[in-house]
Each structure stands twice: as C-alpha cells, then as structure tokens.
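I have placed the structure first, in the form of structure tokens, so that the comments after it can refer back to it.
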Amino acid sequence: MPYLEGKRIHFAGAGGVSVSALAEYALRSGAEVSCSDKRGSAVLSRLAALGARVCEDDDADIIEGCDLVVRSSAVPPDHPALVRAAALGIPALERHEFLARVAEEFDFVAAVAGTHGKTTVTSMIAHILRREGVPFVAHIGGRPVGMGGLVVNGGDMPRSLFLTEACEYGRHLTSLRPSLAVVTGMECDHPDCYRDISEVHAVFSEFLKDCPLAVLPEECAFICSHEHIDICAPGHAGAGESGGRGAVSGAEGRICAYTLTRTLGCGSVHSGVLSRCGRECALSLPQPGAHMLTDAALAVAAACELGAGFESACRALADFKGVERRLERAGSIEGVEVIFDYAHHPTEIACTLDAVGPEGGILAVFQPHTYSRTAAYMDAFAEVLGRLGRVILMPVYAAREQPGSGADSRDLARRITEKNPHCGVYYAENADEAYDLVKLFAPEYDVVLMLGAGDIYDMKERFAPLTRCPEG
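In the working numbering, the protein residues as written are 436 to 907.
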C-alpha cells in the first residue's frame, strides 16, 4: 500500500508551488489533506476543489487527528500548527523530508539540482517525456505553462518514474537518493547556508555520491569524483563556433558527450545544433536566451536517459511553452510590453538582460529576495543593474528572514548610484508606487522587465487587462 493512502496530513505553507504540488500528490494518493497559508490564493482554491480542507493559517485545531504535518521552509518553528503538533506528539516534516518520502514510492528517481535553471530543465524534461509517452510523475518548483507543479503522465499514479527538483538550500537536496541526477550549475546563492563556493561544491558532490548516472555541464564534472558514476556532459560553444566534446576526466564509468553549437536568432540566441555521439539535431526554442539553450541541452541529455529518442527530444522543445515567471510576457502598459522573470541572483539577472536586450531599451523593476542575499551580493547586483539607464527598486522580499538580517533596497540603491552615476535609481515603497513609476517611464522604453522571486508577481494583474502583447 502506498505510504500516504489513508493518512491524514496537514500542509502548512501550502500556497507555495512545491508544497501545493506535494499536497496534490497526497490527495491523489488517497490521503485526507488539510492545508493553510498566511495568504489566500488561487493555489489554495485549486487544492480545495481537489478535496483539501483549507483553513485559516493560525487555526491550530485542524491538527487534531492528523498523522503528519508538512511545512515549507517559510513556516517558522513557532507556527501554531507546529506548536500544537508537537504538544500532541504528531510528527512534523519539512518539505524536503516529505519529498524524500514520496520519492521512495517510485522505482526510479530523476532529480534536477543546480543554482540556476532547475525549474526550466525539469519542465523541459517533463514536456519531452509527455511527448514520448513515457509514464511518470513530476514535482516541479514552478508552474510550466499547460502543466502545473504536479504532472502525472500515464495512468492514475504511475510508480515507475519520479521526476523532481532538488534544492540546495539548507542541504535539502541530500535528502534524496536519485537514480539519475542532473546538475545545471553551481554558484553561491544562499549566503545564509553556505560560507563560500567550496561548501556549495561539497554539497553537490555529496548529492552525487551514491548516484549511478549524472547529467551536468562539462565545467561541473569535477564534482564527480566517484569511479562508479556514468556521466552525460553537454559542452557548448558560442554562436557560430564548434564546441568541444565535453569529455570528462577522473571517471571510469561511461561518458556520453554532447556538444551544443549556438546560432543567433533575431537579437537573441534561440537555436543551435546539438550533437550526440556523432549524430546532430537542430535545437530550436520559442524562448530567447543563451541560457535557455544550455538548459535545453541538459534536458535532452536527461530525457534520452529516461527513454526519449535523441531527435524526437530535440524536436519536442520547439513548442515548449515555458514556465510562469521565466521570461513570461505578461501584458503591456502604455503600449510597452511587460515581461516577468524570476531572476533574483546577479547571474540570473545578467542572463535575463542578455536575452531581452538591448539594455538601453529596458526599464527594470527589481524586488531583491532576502536581506542576506542582498548584502552578500551587493556589488554584483549594483554592477549588473547599473548596466541599465533606469532601475526601480521595491522593498526586499524577506521570505524566511527578519528585517535587519542584511541589507535592504535603499542600501542597494545607494550602491548602484555610487558605482554607476549614469543610472537613474528610484525606490518604490510599495507596489502602487512601483506601478506609478512604471506607468510614468514606460513610454521611453521598448520593454518593462519585472525581476524577482517574491510577491512582485502579484503586480501581473495590473498589466494583464492592458494592450495585448505582440505575438512572437
């Protein structure tokens, strides 16, 4: 009998994409589910429609009779539901611990990790596997257009393959024991968890320690020091250049090298040629950006190990519809297109600017994500945002942090101005002020770019009713 069948489970922080997907999985596995979040949302309404009992966030009575409580990282230990659960002796698991329990119900687990791009890569793999008719269940940390955070393909709840994201925050990815691991790349992104890049490398190496197969960029292959591991290593080159074989040293297992050669689209990189063991196939994406092609190469390599054909996997991505908040064309204001992107790290912002460019035509609104990240990467944020002529900063989205635990948006505004006197920096106290500034300045630009992983996305409703975005 599946682990969850007949259990009564409460999910605290169920408004988040990952926890809501896990709550849906529990419902579809025969569990009785209740859920709460500090704010109402369409996500909670959908869970209610599926049969979950949605309660007020501070309603501790809902815990009575539960077998288990699952909480997101954003829910503090002193949350009423957790306090009540402890008093009643009801076990409580963090999201990543419950995810590991779910993964144990499947014959094969494919986990996608990496500092940047894991949601996109996971979504691309799911898209390919659906096209190929491969049965699987996927847990995705974002909402792929046309799929959602939980994807079930083939039967009611096939147990043959589980595809999931694996986040490095708090070493959470080490809770999983995947049969196939994908690593999109490694960079310091959580200064509240890791002191330096060597600690990040160490946790990814531990993640791969017992995994028999890895798909990762050739520049990350050094973390695969385990002799047993088989490696698929996509290498790449710039536009119009031929790439290296992506060969990996230090591993005695099978090495399958991919090479990505990029070609230029209209102003951005949209297409390329991917080669695998001497076979070549065109790779074309509806979404712009060199980073998207790199993600696509990783997704194809992983999908091929999961049962997809090489050529058909490449072709499938030609109509990949993307993921919400990843270069999402949301509407327009004053006749100017508005794009939302999840970028909240300097590297991600740089990739997004390169994809949207040219920079002179971009009006950016940025909501920094956590005080600790804003402080740790202050100079890098100032450098990349300073490339623009005008930037609007919103207050820091605190997530799990308390004010005073790092730098705020006013600190960042000063640093941008110090480093880039030509850049006009404006501070918006709230969404209303941000919208007014966007409306004022938008006519001077070609595109408005809304950047951040917090509640800046709530502003999408303000733009959606406006002039329809051009097709592209």
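By construction, the Cβ of each residue, glycine as well, lies at the ideal position given by its N, Cα and C atoms.
field: Counterpart residues of residue 571 in DSSP-defined beta bridges
entry: Counting from 1 along the sequence shown, the entry for residue 571 is found at position 136. According to DSSP, residue 571 bridges with 588.
query: Within 10 angstroms of its Cβ, does residue 687 collect 16 or more other Cβ (buried), or is it exposed?
result: Along the sequence shown, read from residue 1 onward, the residue named residue 687 stands at position 252. Any answer about residue 687 is weak, because its pLDDT of 45 lies below 50 and its placement is not dependable; what the coordinates show is given next. Burial call: exposed.
- prompt: Which runs of the alpha helix (DSSP H), 4 residues or longer, sit entirely within the segment 445 to 473?
  reply: Counting only runs of 4 or more, we get 452 to 463.
message: Is any non-hydrogen atom of the ligand MG found closer than 7 Å to the C-beta of residue 519, if you look at the structure I gave you?
response: Looking at this structure, you won't find the ligand MG or any other ligand, since it has none at all.
message: As a quick exercise: from 694, 450 and 502, pick the residue whose alpha carbon is nearest that of residue 478.
response: Taking the sequence shown and counting its residues from 1, the one referred to as residue 478 is at position 43. Among 694, 450 and 502, the Cα nearest to that of residue 478 belongs to 450.
field: 6 Å Cβ shell around residue 454 - same chain, five flanking residues per side excluded
entry: On the sequence shown, position 19 is the one that residue 454 refers to. If the five residues before and after residue 454 are omitted, its C-beta is found closer than 6 Å to the C-beta atoms of 446, 448, 507 and 530, all from its own chain and listed in chain order.
- prompt: From residue 724 to residue 555, what does the alpha carbon distance come to, in whole angstroms?
  reply: On the sequence shown, residue 724 is found 289 positions in, with the first residue counted as 1. On the sequence shown, residue 555 is found 120 positions in, with the first residue counted as 1. Going by the C-alpha atoms only, they are around 13 Å apart.
- prompt: If you draw a straight line from the alpha carbon of residue 456 to that of residue 695, how long is it in whole angstroms?
  reply: The sequence position of residue 456 within the sequence shown is 21, counting from 1. The sequence position of residue 695 within the sequence shown is 260, counting from 1. If I take the Cα positions, the gap works out to 33 Å.
query: Closest by CA to residue 593, which one among 463, 722 and 642?
result: Taking the first residue of the sequence shown as 1, we reach residue 593 at position 158. Nearest C-alpha to residue 593: 463.
- prompt: Rounded to a whole number of angstroms, what is the C-alpha to C-alpha distance between residue 898 and residue 714?
  reply: Your numbering for residue 898 matches position 463 in the sequence shown. Your numbering for residue 714 matches position 279 in the sequence shown. Approximately 45 Å, taken between the alpha carbons.
message: Spatial neighbours of residue 894 within its chain, please: C-beta separation below 6 Å, excluding the five flanking residues on both sides.
response: On the sequence shown, residue 894 is found 459 positions in, with the first residue counted as 1. Contacts found: 866.
3-residue-minimum beta strand (DSSP E) runs that sit fully inside the segment 734 to 808, ordered along the chain: When DSSP assignments are scanned along the segment 734 to 808, the uninterrupted stretches of beta strand (DSSP E) that are 3 or more residues long and fall wholly within it turn out to be 763 to 768, 771 to 776 and 797 to 801.
- prompt: If you draw a straight line from the C-alpha of residue 603 to the C-alpha of residue 575, how long is it?
  reply: On the sequence shown, residue 603 is found 168 positions in, with the first residue counted as 1. On the sequence shown, residue 575 is found 140 positions in, with the first residue counted as 1. Whole-angstrom Cα-Cα distance: 15 Å.
- prompt: Looking at the structure shown, is residue 727 part of a helix, part of a strand, or coil, going by DSSP?
  reply: Translated into the one-based positions of the sequence shown, residue 727 becomes position 292. Residue 727 carries a helical assignment under DSSP once its states are collapsed to helix, strand and coil.
query: Nearest to residue 444 by alpha carbon, out of 501, 639 and 599?
result: For the purposes of this step, residue 444 is taken as the residue at position 9 of the sequence shown. Answer by Cα proximity: 501.
message: For residue 874 and residue 727, what's the separation of their Cα atoms in angstroms?
response: Reading the sequence shown from its first residue, position 439 is the one you call residue 874. Reading the sequence shown from its first residue, position 292 is the one you call residue 727. Rounded to the nearest angstrom, the two C-alpha atoms are 30 Å apart.
- prompt: Can you tell me where the beta strand (DSSP E) with residue 543 in it begins and where it stops?
  reply: As a first step, residue 543 must be located in the sequence shown, where it is residue number 108. Here the beta strand (DSSP E) through residue 543 covers 543 to 548.
- prompt: Which residue or residues does DSSP assign as beta-bridge partners of residue 861?
  reply: Taking the first residue of the sequence shown as 1, we reach residue 861 at position 426. For residue 861, which the question treats as bridged, DSSP gives the partners 827.
task: Can you tell me which of the three DSSP states residue 611 falls into?
output: Residue mapping note: residue 611 aligns to position 176 of the sequence shown, counting from 1. The answer is coil: DSSP assigns residue 611 none of H, G, I, E or B.
Limits of the alpha helix (DSSP H) - the one that residue 898 falls within: The residue labelled residue 898 in the question sits at position 463 within the sequence shown. Residue range 895 to 898 is occupied by the alpha helix (DSSP H) that includes residue 898.
- request: Give every residue of the same chain whose Cβ lies closer than 6 Å to the Cβ of residue 518, excluding the five residues on either side of it in the sequence, and list them in chain order.
  value: By 1-based counting over the sequence shown, the position of residue 518 is 83. Correct list: empty, nothing qualifies.
- prompt: Where do the ends of the beta strand (DSSP E) carrying residue 714 lie?
  reply: Translated into positions along the sequence shown, residue 714 becomes position 279. First-last of the beta strand (DSSP E) with residue 714: 714 to 719.
Residue 521 to residue 465 span [Cα, whole Å]: Translated into the one-based positions of the sequence shown, residue 521 becomes position 86. Translated into the one-based positions of the sequence shown, residue 465 becomes position 30. Approximately 25 Å, taken between the alpha carbons.
Rounded Cβ spacing between residue 847 and residue 885 (contact assumed at less than 8 Å): Sequence index remark: in the sequence shown, residue 847 carries index 412 (1-based). Sequence index remark: in the sequence shown, residue 885 carries index 450 (1-based). Going by Cβ atoms, the distance from residue 847 to residue 885 rounds to 17 Å, so no, they are not a contact pair.
message: Can you list, in chain order, the residues of its chain with a C-beta nearer than 6 Å to that of residue 549? Leave out the 5 residues immediately preceding and following it.
response: Counting from one through the sequence shown, the residue named residue 549 turns up at place 114. Excluding residues within five positions, the ones whose Cβ falls inside 6 Å are 618, 619 and 620.
task: Note down the Cα distance separating residue 406 from residue 802, rounded to an integer number of angstroms.
output: The structure shown does not extend to residue 406, since the chain is modelled only from 436 through 907, so no value can be given for it.
- request: Could you name the residues of the same chain whose beta carbon sits closer than 7 Å to that of residue 845, not counting the 5 residues immediately before and after it, in chain order?
  value: Along the sequence shown, read from residue 1 onward, the residue named residue 845 stands at position 410. Within the same chain, and ignoring the five residues on either side of residue 845 in sequence, the residues whose Cβ sits closer than 7 Å to its Cβ are 862.
task: For residue 658, I'd like the list of residues in its chain whose CB is within less than 7 Å of its CB, leaving aside the five on either flank, ordered along the chain.
output: Taking the first residue of the sequence shown as 1, we reach residue 658 at position 223. Excluding sequence neighbours, residue 658 sits near 636, 639, 640 and 643.
Pairwise C-alpha distance: residue 533 and residue 527: Here residue 527 refers to the residue found at position 92 when the sequence shown is read from its first residue. Here residue 533 refers to the residue found at position 98 when the sequence shown is read from its first residue. Inter-residue distance for residue 527 and residue 533 is about 9 Å (C-alpha atoms, whole angstroms).
query: Is the segment 568 to 587 close to the segment 469 to 476, with three or more CB pairs under 8 Å?
result: Output reads no: the segment 469 to 476 does not touch the segment 568 to 587.
field: Span of the alpha helix (DSSP H) around residue 606
entry: Mapped onto the sequence shown, residue 606 falls at position 171. Neither: residue 606 is in no alpha helix (DSSP H) and is coded neither H nor E.
- prompt: So the alpha helix (DSSP H) residue 845 belongs to, where does it begin and stop?
  reply: By 1-based counting over the sequence shown, the position of residue 845 is 410. Counting along the chain, the alpha helix (DSSP H) containing residue 845 begins and ends at 844 to 854.
field: Test item: CB-CB of residue 817 and residue 842 under 8 Å
entry: As a working note, residue 817 is residue 382 in the sequence shown. As a working note, residue 842 is residue 407 in the sequence shown. Cβ distance not < 8 Å, so residue 817 and residue 842 don't count as in contact.
- prompt: Which of the three DSSP states, helix, strand or coil, is assigned to residue 578?
  reply: Here residue 578 corresponds to residue number 143 of the sequence shown, with the count starting at 1. Here residue 578 carries a coil assignment [DSSP, helix/strand/coil].
query: residue 597: which of 633, 558, 582 and 543 sits nearest, CA to CA?
result: On the sequence shown, residue 597 is found 162 positions in, with the first residue counted as 1. When each option's Cα is compared against that of residue 597, the closest is 543.
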